[in-house]
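Chemist: I'd like to ask you about the structure that follows.
Residue numbers (UniProt numbering): 1 to 149.
Now the structure itself:
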């Protein structure tokens, strides 16, 4: 009886299997890629623990506001500049972009190049901003540094 039902509803069961597989992959895919996706709260914790923070957006996007003292290396330049980061391979690395898509690719590249603790800010800087967390601009950062002198 069950087998007859499955045969009659084959497309429904195939769709259910595909959706289930997609859900499972969305939860474990990042782990399989060797990095972890994190939300704003975990990103703050990593930032406070002196993680290397990489903003992989374009320079124009970066100038519009960035996290803390994030290094700006665009996703299109990261492969050529990854060697300059090699001294930080054992340190936590928080990577972000505008929405989390470009930074996921960079996170995979970092893992492939031996970085051990790589974290992607899920939702990118949009998640950071929507959590009400502060951003800097090159101008505000210069002002902060001058005030400390």
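From the three backbone atoms N, C-alpha and C, an ideal C-beta is built for every residue, glycine too.
Consult DSSP for residue 134 and reduce its assignment to one of helix, strand or coil.
Modeler: The residue you call residue 134 lines up with position 134 of the chain shown. Coil at residue 134, not helix or strand.
Chemist: In the DSSP assignment, the alpha helix (DSSP H) including residue 85 goes from what residue to what residue?
Modeler: Position 85 of the chain shown, counting from 1, holds the residue named residue 85. Looking at the DSSP string, residue 85 is not in any alpha helix (DSSP H), and its letter there is neither H nor E.
Chemist: Roughly how many whole angstroms lie between the Cα atoms of residue 118 and residue 12?
Modeler: Within the chain shown, numbered from 1, the residue matching residue 118 stands at position 118. Within the chain shown, numbered from 1, the residue matching residue 12 stands at position 12. The alpha-carbon atoms of residue 118 and residue 12 are separated by roughly 38 Å.
Chemist: Determine the closest residue to residue 124 out of 87, 136 and 101, with distance taken between C-alpha atoms.
Modeler: Against the chain shown, residue 124 aligns to sequence position 124. Comparing Cα-Cα distances from residue 124 to each of 87, 136 and 101, the minimum goes to 101.
Chemist: Quick one, which of 18, 7 and 36 has its alpha-carbon nearest residue 106's?
Modeler: For the purposes of this step, residue 106 is taken as residue 106 along the chain shown, with counting starting at 1. It is 36 whose Cα lies nearest to the Cα of residue 106.
Chemist: In terms of DSSP beta bridges, what is residue 108 paired with?
Modeler: Locating residue 108 in the chain shown gives position 108, counting from the first residue. Bridge partners of residue 108: none, in fact.
Chemist: Which residue from 74, 98 and 10 puts its Cα closest to that of residue 130?
Modeler: Position 130 of the chain shown holds residue 130. It is 98 whose Cα lies nearest to the Cα of residue 130.
Chemist: Taking only runs of the beta strand (DSSP E) that begin and end inside the segment 47-80, which ones reach a length of at least 3 residues, in chain order?
Modeler: As far as the segment 47-80 is concerned, its whole beta strand (DSSP E) runs of at least 3 residues are 52-55.
Chemist: Indicate whether residue 67 and residue 53 have their beta-carbon atoms separated by less than 8 Å.
Modeler: In the chain shown, the residue the question calls residue 67 occupies position 67. In the chain shown, the residue the question calls residue 53 occupies position 53. Contact flag set, yes.
Chemist: Could you tell me the alpha carbon to alpha carbon distance between residue 16 and residue 7, rounded to whole angstroms?
Modeler: Taking the first residue of the chain shown as 1, we reach residue 16 at position 16. Taking the first residue of the chain shown as 1, we reach residue 7 at position 7. Taking the straight line from one Cα to the other gives about 14 Å.
Chemist: Between the C-alpha atoms of residue 40 and residue 20, what's the straight-line distance to the nearest angstrom?
Modeler: As a first step, residue 40 is located in the chain shown; it is residue number 40 there, counting from the start. As a first step, residue 20 is located in the chain shown; it is residue number 20 there, counting from the start. So the alpha carbons of these two residues sit roughly 27 Å apart.
Chemist: Taking the DSSP output, what are the residues bridged to residue 120?
Modeler: Against the chain shown, residue 120 aligns to sequence position 120. Residue 120 pairs with 37 and 95.
Chemist: Considering only the beta carbon of each residue, do residue 51 and residue 92 sit closer than 8 Å?
Modeler: In the chain shown, the residue the question calls residue 51 occupies position 51. In the chain shown, the residue the question calls residue 92 occupies position 92. Contact flag set, yes.
Chemist: Considering only their Cβ atoms, is the gap separating residue 121 from residue 44 smaller than 8 Å?
Modeler: Numbered from its first residue, the chain shown carries residue 44 at position 44. Numbered from its first residue, the chain shown carries residue 121 at position 121. No, Cβ-Cβ distance for residue 44 and residue 121 is not below 8 Å.
Chemist: Please return the same chain residues whose Cβ sits closer than 6 Å to the Cβ of residue 115, not counting the five positions on each side in sequence.
Modeler: In the chain shown, the residue the question calls residue 115 occupies position 115. Cβ neighbours of residue 115 beyond the five flanking positions: 89 and 93.
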